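Protein chains in written order, with my numbering: chain X, 84 to 466; chain Z, 50 to 437; chain S, 26 to 193.
What follows is one structure encoded as structure tokens, with my remarks underneath.
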Amino acid sequence: MNRTVEIVGVGWSGFRSLTPDQSYKELVFEAALRAYADAGIDPRRDVQGFVTAAEDYHEGTSIYDEYTPDQLGAAQRPMHTIGGDGLHALAAAYMQIASGLMDVVVVEAHSKASNILSLPHIVAFAEDPTFERPLALHPVALAGLEMQGLISLGRITEEQCAAVVVKNKRNALRNPSAAHGTEVGPEEVLSSPPLASPLTSLMAAPHADGALVFVLADTERARTLKGEPVRVRGVGWATDTPALDSRDWTGARYARKAAQMAYRIAGVQTPGQEIDFAEVDDSFAHKELLHLEALGLVPSGRAGEWTLEGQTACSGSIPVNVSGGALGEGSLLDATGLSRALEVVLQLRGQAGPRQLPGVTTGLAFAWRGLPTAVGVAAVLSA
Amino acid sequence: MTMRRVAVVGAGMTKFVRRAQETGRELAWEATSKALESCEMGIDQIEAVVMGTGPDAFDGVHMKAEWLADGAGAWGKPYMRGYVGGGTGVFSVAQGWYHVASGLFDTCLVVCEEKMSPAQPHPQGAFLTIFDNFIERPLGPNLLWIFALEMNAYMQRYGLRKEDIAQVAVKNKRNAADHPASLLGDRDITLQDILDSEVMAWPVQRLDVSPVTDGAVAVVLAADNVARRVTPQPVWIEGVGWNLDSAYWTNRDLSYPTYVEEAARMAYRMAGITEPRQQIHIAEPYDPFDYKELHHLEGLMLFPKGKAAEATALGITQRNGDLPVCPSGGLLGVGNPIAAAGLMKVAELFWQLRGEAGARQVPGNPRRGVAQAWGDLMQVGTVVVMGK
Amino acid sequence: MMDQWVYATTGLHEKDFEAGQVLVETWEGKAEYAWDTGIAMGRFLEELRRGRLVGRRCNSCRRILFPPRMFCELCFRPTAEWVTLGQTGTVITYSLVHVRWDMVRLEQPQVPAVIAMDGAAQGMGILHLLGEVAPEKVKMGMRVQAVWKPAEDREGSITDIRYFKPIR
Numbered sequence: 084m085n086r087t088v089e090i091v092g093v094g095w096s097g098f099r100s101l102t103p104d105q106s107y108k109e110l111v112f113e114a115a116l117r118a119y120a121d122a123g124i125d126p127r128r129d130v131q132g133f134v135t136a137a138e139d140y141h142e143g144t145s146i147y148d149e150y151t152p153d154q155l156g157a158a159q160r161p162m163h164t165i166g167g168d169g170l171h172a173l174a175a176a177y178m179q180i181a182s183g184l185m186d187v188v189v190v191e192a193h194s195k196a197s198n199i200l201s202l203p204h205i206v207a208f209a210e211d212p213t214f215e216r217p218l219a220l221h222p223v224a225l226a227g228l229e230m231q232g233l234i235s236l237g238r239i240t241e242e243q244c245a246a247v248v249v250k251n252k253r254n255a256l257r258n259p260s261a262a263h264g265t266e267v268g269p270e271e272v273l274s275s276p277p278l279a280s281p282l283t284s285l286m287a288a289p290h291a292d293g294a295l296v297f298v299l300a301d302t303e304r305a306r307t308l309k310g311e312p313v314r315v316r317g318v319g320w321a322t323d324t325p326a327l328d329s330r331d332w333t334g335a336r337y338a339r340k341a342a343q344m345a346y347r348i349a350g351v352q353t354p355g356q357e358i359d360f361a362e363v364d365d366s367f368a369h370k371e372l373l374h375l376e377a378l379g380l381v382p383s384g385r386a387g388e389w390t391l392e393g394q395t396a397c398s399g400s401i402p403v404n405v406s407g408g409a410l411g412e413g414s415l416l417d418a419t420g421l422s423r424a425l426e427v428v429l430q431l432r433g434q435a436g437p438r439q440l441p442g443v444t445t446g447l448a449f450a451w452r453g454l455p456t457a458v459g460v461a462a463v464l465s466a
Numbered sequence: 050m051t052m053r054r055v056a057v058v059g060a061g062m063t064k065f066v067r068r069a070q071e072t073g074r075e076l077a078w079e080a081t082s083k084a085l086e087s088c089e090m091g092i093d094q095i096e097a098v099v100m101g102t103g104p105d106a107f108d109g110v111h112m113k114a115e116w117l118a119d120g121a122g123a124w125g126k127p128y129m130r131g132y133v134g135g136g137t138g139v140f141s142v143a144q145g146w147y148h149v150a151s152g153l154f155d156t157c158l159v160v161c162e163e164k165m166s167p168a169q170p171h172p173q174g175a176f177l178t179i180f181d182n183f184i185e186r187p188l189g190p191n192l193l194w195i196f197a198l199e200m201n202a203y204m205q206r207y208g209l210r211k212e213d214i215a216q217v218a219v220k221n222k223r224n225a226a227d228h229p230a231s232l233l234g235d236r237d238i239t240l241q242d243i244l245d246s247e248v249m250a251w252p253v254q255r256l257d258v259s260p261v262t263d264g265a266v267a268v269v270l271a272a273d274n275v276a277r278r279v280t281p282q283p284v285w286i287e288g289v290g291w292n293l294d295s296a297y298w299t300n301r302d303l304s305y306p307t308y309v310e311e312a313a314r315m316a317y318r319m320a321g322i323t324e325p326r327q328q329i330h331i332a333e334p335y336d337p338f339d340y341k342e343l344h345h346l347e348g349l350m351l352f353p354k355g356k357a358a359e360a361t362a363l364g365i366t367q368r369n370g371d372l373p374v375c376p377s378g379g380l381l382g383v384g385n386p387i388a389a390a391g392l393m394k395v396a397e398l399f400w401q402l403r404g405e406a407g408a409r410q411v412p413g414n415p416r417r418g419v420a421q422a423w424g425d426l427m428q429v430g431t432v433v434v435m436g437k
Numbered sequence: 026m027m028d029q030w031v032y033a034t035t036g037l038h039e040k041d042f043e044a045g046q047v048l049v050e051t052w053e054g055k056a057e058y059a060w061d062t063g064i065a066m067g068r069f070l071e072e073l074r075r076g077r078l079v080g081r082r083c084n085s086c087r088r089i090l091f092p093p094r095m096f097c098e099l100c101f102r103p104t105a106e107w108v109t110l111g112q113t114g115t116v117i118t119y120s121l122v123h124v125r126w127d128m129v130r131l132e133q134p135q136v137p138a139v140i141a142m143d144g145a146a147q148g149m150g151i152l153h154l155l156g157e158v159a160p161e162k163v164k165m166g167m168r169v170q171a172v173w174k175p176a177e178d179r180e181g182s183i184t185d186i187r188y189f190k191p192i193r
């Protein structure tokens, strides 16, 4: 495969708990204007394809694809929707460019979580109707089960999970786009109301509204554009089983396989050494620990200790979720993966302001599709 | 740059029925199994899976592609769902194409599943929310409205009568009598049957429409070198194109599907087609309603605007005509499980170009065909050109 | 031949359900939303409550867009100003609908139409219903005007317009 792919423009709006002043179209338009200005492109002239990640039940609209093009400048253009995370859409854009079919492809995802009044019911609606839904469990129970499984195996402790929350919410205070940055102590995290013990409410990422637009281009084309390019060295994605009874509850197989694919394409052989920093899904605090190990960034069983030791702090050996992660920024539904990738891009470009990590050249963004899935997408990006 | 060549090497499907006992997963599994069997490949040889499936509201499962993953052979694999409404069936092949053409994968399984029947009291309910949430839904529109509005605009623009259009339903339902998977095949149907059927939303009558259906189809894609090892007769994907028009459908000219033309131009350019009417030997345009076949044939630039009905009347689009259209029997004849229907057309071209279409075989050794699907709010065109 | 690659799906019929032969689970989902109207739709709905129709002008292509939006999808620029339209328009397509979405037959046909509004750019239609007209009298190109609910009954909804009737 001879083509390489860059991210040449990023734009976003939000992230905030509520966005009552803007409709979803207006939120996306704002992010798109910024991304196109960043890349220095006219979407009507310079873009051959557009991809969005969205789910009907997150929007409250059947065939939501209908409502995607106008605010992106994609009317009467090749555009499609992926029912997946924003990083799936990024992978799709990557493939469209790598194939040679297109030179410039735009990726979009957004969250209007504040507009979904019955969100827990929607999440439960993703469960199997025969085997799982009749149990009438709040889907957060699945996160509680997973966390408990890891604790029982001695892989993590509740204190280590609390440390993740403290770290990420504190990091978010230096991120003007984060909705849920705050100083919080570990005792407060542990004693916050239980959701599905041992999971407590502060260990679960709250939601936020926001939109993200990325512009991707092949390397040749990227050279002619204004935006500072970040190389997409590798992408990988994988689906474990949707069945609760046969999935890997404590190994995050979806993360391991997604990362394996991304590393293979990127030519990364020892991720622990070659990845300088990472933005990994932390929709639940224990997920950050689980993912760090499954992604090969931290030795097995050590992620909790490393967190307590400060190795994943901004000044540590492998800073994790400097943006604040979902715990600090807010979970952005299908756009969450792009918000992870956004931070990686900003860091690699040296545009992360007060959060800037010195001298980083390679970062990993990892998305998990959220409850009740076992689906993940990884992207290795380099300056 | 020269793009990697990708071929369809195997195809399988389930019979299309009104209401299947099989779950969505089981339908996906059966179609996938048949497709793999047809080219003697195992699931371990499949490197990526693309799923195409329509509104989650049919099955009543949010993020339903995740739920279907096990049936689609996607366990542990890179798996992705493309969703462009009714255009999905044909688009899924374009999506599978870019998986392989990117160089990331040598093989890709494309599965389209649709189980509409679970939605109660009627699957049409899933379409109530396709309309704009602010300024259309309060009016209580249903799916028939938009088809009827478009059909009327098309008829008025070109002075077409019901008879001119209904002949498409006759052709396709008769063609479908030879399709082993068909639900609505009828060798004896007549024009009068269509014209006598109940008026649902003028000018749409009952037999102008394809009904709610359950079914699944799967095809296997492979890169050049692999394709040649798998089968002596790979069918090449020569062109892919897709185009999404503005959501503001009431601002658009409904009498002509510009987005189908744009998608066709993209696919024809890639396939090196400059004279579509001469260079294409079989067409499978999307025909959920009879007028749509005509509308789309014009968008595909196979007939001049407003002239597809005339060509039909002359017999040009019959199976033994100069340009056979929907030799499969189309959606009107085989059935319309939304996403699976489009992929059924791709599978048809695959079988036709290999001479495996049995009683439906188009004579004369056809070498190139075009499949097209359509969806969203009369908004998306998806086109695939296949050749041998 | 391809026949061997067709799986024989088990088709069910009404009688199978009536005879209790099929195991069925039912589930009613709860999908509730409250969408932020934002600037364009927020203003549009507010103006409806006042008995007015508004569009937005794009200063680049000069089109007056209706329904209004804050961006021009062709030029990809923010739109520039609000424009009040008239109350009249032209039917560019219509249908006579005899069935509800669940296929139950209606006593009186509904007449949805796409109406291109005067004062907006060419072909800028919206979806609405026609009223005070016999179905067989509806024609393409018919000139129509909005019929509103009384002011005190308006809620800031597209249904504040009851229907469009022919201009006589």
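From the three backbone atoms N, C-alpha and C, an ideal C-beta is built for every residue, glycine too.
Fair warning: this is a prediction, and the values are worked out from it, not measured in the lab.
- Boundaries of the beta strand (DSSP E) harbouring Gly-290 of chain Z: 284-293, taken from the DSSP string.
- Across the region 113-132 of chain Z, CB contacts with chain X closer than 7 Å involve Ala-114, Glu-115, Trp-116, Ala-118, Asp-119, Ala-123, Trp-124, Gly-125, Lys-126, Pro-127, Tyr-128, Met-129, Arg-130, Gly-131, Tyr-132, in sequence order along the chain.
- Inclusion of Ala-230 of chain Z and Lys-64 of chain Z in the CB contact set at 8 Å is warranted, their separation being smaller than that value.
- The Cβ atoms of Phe-360 of chain X and Leu-440 of chain X lie closer than 8 Å to each other.
- Listed by position along chain X, the residues whose Cβ is nearer than 7 Å to that of Phe-176 of chain Z are Ser-145.
- Secondary structure at Tyr-305 of chain Z: coil, using DSSP grouped into helix, strand and coil.
- A direct Cα-to-Cα measurement between Ala-59 of chain S and Lys-195 of chain X gives close to 10 Å.
- Along the region 136-148 of chain Z, the positions whose C-beta sits under 7 Å from a C-beta of chain X are Phe-140, Tyr-147, His-148, read in chain order.
- Leaving aside the five residues that flank Ile-243 of chain Z on each side, the residues in its chain whose CB is nearer than 6 Å to its CB run, in chain order, Ala-215, Ala-218, Leu-256.
- Excluding the 5 residues flanking it on each side, Trp-298 of chain Z has same chain C-beta neighbours closer than 6 Å at Leu-426, Met-427, in chain order.
- Taking 8 Å as the threshold, the shortest C-beta distance from Val-31 of chain S to chain Z falls below it.
- The Cβ of Trp-52 of chain S sits closer than 8 Å to at least one Cβ of chain Z.
- Under the rule that a run must span 3 or more residues, the beta strand (DSSP E) segments found entirely inside the region 137-192 of chain X read 162-165.
- Rounded to whole angstroms, Ala-176 of chain X and Arg-438 of chain X show a C-alpha spacing of 28 Å.
- In the assembly as shown, Cys-97 of chain S is a buried residue. Its beta-carbon has 16 or more other beta-carbons within 10 Å.
- Boundaries of the beta strand (DSSP E) harbouring Lys-164 of chain Z: 156-164, taken from the DSSP string.
- Spanning the alpha carbons of Gly-122 of chain Z and Leu-153 of chain Z requires a straight line of approximately 18 Å.
- Between Pro-306 of chain Z and Trp-423 of chain Z, the C-beta gap is smaller than 8 Å, which places the two residues in contact.
- The DSSP assignment places 63-74 as complete runs of the alpha helix (DSSP H) inside the region 41-83 of chain S, in order along the chain (cut-off: 4 residues).
- Within the same chain, Leu-233, Ala-335 come within 7 Å of Leu-373 of chain X by CB-CB distance, once the 5 residues on both sides are set aside.
- At least 8 Å separates the CB of Gly-288 of chain Z from every CB of chain X.
- Within the model, the alpha-carbon separation for Ile-179 of chain Z versus Ala-296 of chain Z is close to 11 Å.
- Membership of Arg-417 of chain Z in the beta strand (DSSP E) is indicated by the continuous run 417-424.
- Linking Gly-61 of chain Z to Arg-86 of chain X through their CA atoms gives a straight-line distance of about 34 Å.
- Contacts with chain Z at 8 Å (Cβ-Cβ) do not include Ile-64 of chain S.
- Taking a contact as a CB-CB distance under 8 Å, the pair Gly-370 of chain Z and Gly-364 of chain Z counts as one, their CB atoms being some 5 Å apart.
- When DSSP states are grouped into helix, strand and coil, Arg-130 of chain Z belongs to the strand group.
- By the criterion of at least three beta-carbon pairs nearer than 8 Å, the region 264-278 of chain Z is not in contact with the region 61-72 of chain S.
- Here DSSP, grouped into helix, strand and coil, assigns Lys-195 of chain X to strand.
- Within the region 124-148 of chain S, the beta strand (DSSP E) runs of at least 3 residues that lie entirely inside it are, in chain order, 130-135, 137-142.
- Contact residues of the region 58-92 of chain S toward chain X are Tyr-58, Ala-59, Trp-60, Asp-61, Thr-62, Gly-63, Ile-64, Ala-65, Met-66, Gly-67 (C-beta to C-beta distance below 9 Å).
- As summarised for the region 332-363 of chain X, the continuous beta strand (DSSP E) elements at least 3 residues long and confined to that stretch are 360-363, given in chain order.
- With respect to chain X, the C-beta atom of Glu-106 of chain S has no partner C-beta closer than 8 Å.
- Assignment of Arg-385 of chain X by DSSP, reduced to helix, strand and coil, places it in the coil class.
- In this structure the region 173-193 of chain X lies against the region 296-304 of chain X, because at least three pairs of beta carbons, one per stretch, are closer than 8 Å.
- Looking at the DSSP output, Asn-385 of chain Z shares a beta bridge with Z:Val-261.
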